[in-house]
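Just so you know, we're using my numbering here: the sequence shown kicks off at 20 and counts up by one.
Here a beta-carbon is modelled for each residue, glycine too, at the ideal position from N, C-alpha and C.
Keep in mind it's a predicted model, so treat the numbers as computed, not measured.
Have a look at the structure below before the remarks.
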Amino acid sequence: MNVKRKGLLIVLSSPSGGGKTTIAHQLMAKDKNIVRSISCTTRKPRSGEKSGRDYFFVTVPKFKAMVKAKKFLEWAKVHQNFYGTPAHWVEAQLKKGKDVLFVIDVQGGKIIKHKAPHALLVFVKPPSFTVLKQRLLGRKSDSAEALKVRLSDAKWEMKEGKHYDHRVINDRLSHAVKEVRKIIQNERKKA
Numbered sequence: 020m021n022v023k024r025k026g027l028l029i030v031l032s033s034p035s036g037g038g039k040t041t042i043a044h045q046l047m048a049k050d051k052n053i054v055r056s057i058s059c060t061t062r063k064p065r066s067g068e069k070s071g072r073d074y075f076f077v078t079v080p081k082f083k084a085m086v087k088a089k090k091f092l093e094w095a096k097v098h099q100n101f102y103g104t105p106a107h108w109v110e111a112q113l114k115k116g117k118d119v120l121f122v123i124d125v126q127g128g129k130i131i132k133h134k135a136p137h138a139l140l141v142f143v144k145p146p147s148f149t150v151l152k153q154r155l156l157g158r159k160s161d162s163a164e165a166l167k168v169r170l171s172d173a174k175w176e177m178k179e180g181k182h183y184d185h186r187v188i189n190d191r192l193s194h195a196v197k198e199v200r201k202i203i204q205n206e207r208k209k210a
């Protein structure tokens, strides 16, 4: 009998500007068994983002209707916008044996861990708060008000990262990617 390995739930979190999205892209490029969970969000798309690839961009009323219909595995209000992970898509990927990578905030990570205790949570830390601030300023994608909210939230998120299964410092991107890949490979051996 050929039993297919059920996929892993992998949560990758960091404060905004911590590098979680860049690390996720490199992980998926190096490992075709990892698929990224696509979240719904009520925030406006950034330059170059496409609905259905980066996020599903929805209105606040549509998002609230999905919450009411219990369509999300997890959802949270982050930086004054709503984000949520559609449950049906995740379940379909896991059944195929794919590892589903969640690139989400710590609120969402905690919810997933509560609903799925076997989920692997990895927190990506910037080398320092100063470096994080420089990265966010360098993105030039947020208004001054949004930047202030993200930096304020980052302090709390960095404290919450201690509750994750693993913590990786993103001081050198190639090293951080290598560390996260190693953590995933070790987790696969346990399955």
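Expected contact under 8 Å - CB spacing of Asp172 and Leu139 to nearest Å
Their Cβ separation, rounded to whole angstroms, is 23 Å, which puts Asp172 and Leu139 out of contact at 8 Å.
Beta carbon of Val30 nearer than 9 Å to that of Phe121
yes
What does Ser32 pair with, by DSSP beta-bridge criteria?
Under DSSP, Ser32 takes part in a beta bridge, and its partners are Phe142.
Which of the three DSSP states is assigned to His194 in this structure?
helix
By how many angstroms is the C-alpha of Leu170 removed from the C-alpha of Ser35?
8 Å
Let me know the secondary structure DSSP gives Ser162 once reduced to three states.
coil
So the beta strand (DSSP E) Gly103 belongs to, where does it begin and stop?
100 to 105
Less than 9 Å between the C-beta atoms of Lys53 and Glu93, yes or no?
It is worth fixing the name first, because residue 53 is Ile in this sequence and not Lys. No, the Cβ-Cβ distance between Ile53 and Glu93 is not below 9 Å.
Please say whether Ile188 and Leu46 have beta carbons closer to each other than 9 Å?
no
Quick check: the stretch 89 to 108 against the stretch 147 to 160, are there 3 or more CB pairs under 8 Å?
no
So Thr26 and Lys117 are supposed to be a Cβ contact under 8 Å. How far apart are they, rounded?
Correcting the residue identity first, residue 26 is Gly in this sequence and not Thr. Indeed they touch by this definition, with Cβ atoms about 5 Å apart.
Quick one: what's got a C-beta closer than 6 Å to Val97's C-beta in the same chain, skipping five residues either side?
Excluding five sequence positions before and after Val97, the CB atoms of its chain that fall closer than 6 Å to its own CB belong to Asp124, given in chain order.
Does DSSP put Ala48 in a helix, in a strand, or in coil?
Ala48 sits in a helix when the DSSP states are folded into three classes.
In whole angstroms, what is the alpha-carbon distance linking Val141 and Lys152?
21 Å
Within the continuous alpha helix (DSSP H) that includes Ile188, where are the two ends?
Here Ile188 belongs to no alpha helix (DSSP H); instead the beta strand (DSSP E) covers 185 to 188.
With a 10 Å radius around its C-beta and 16 neighbouring C-beta atoms as the bar for buried, classify Glu68 as buried or exposed.
It counts as exposed.
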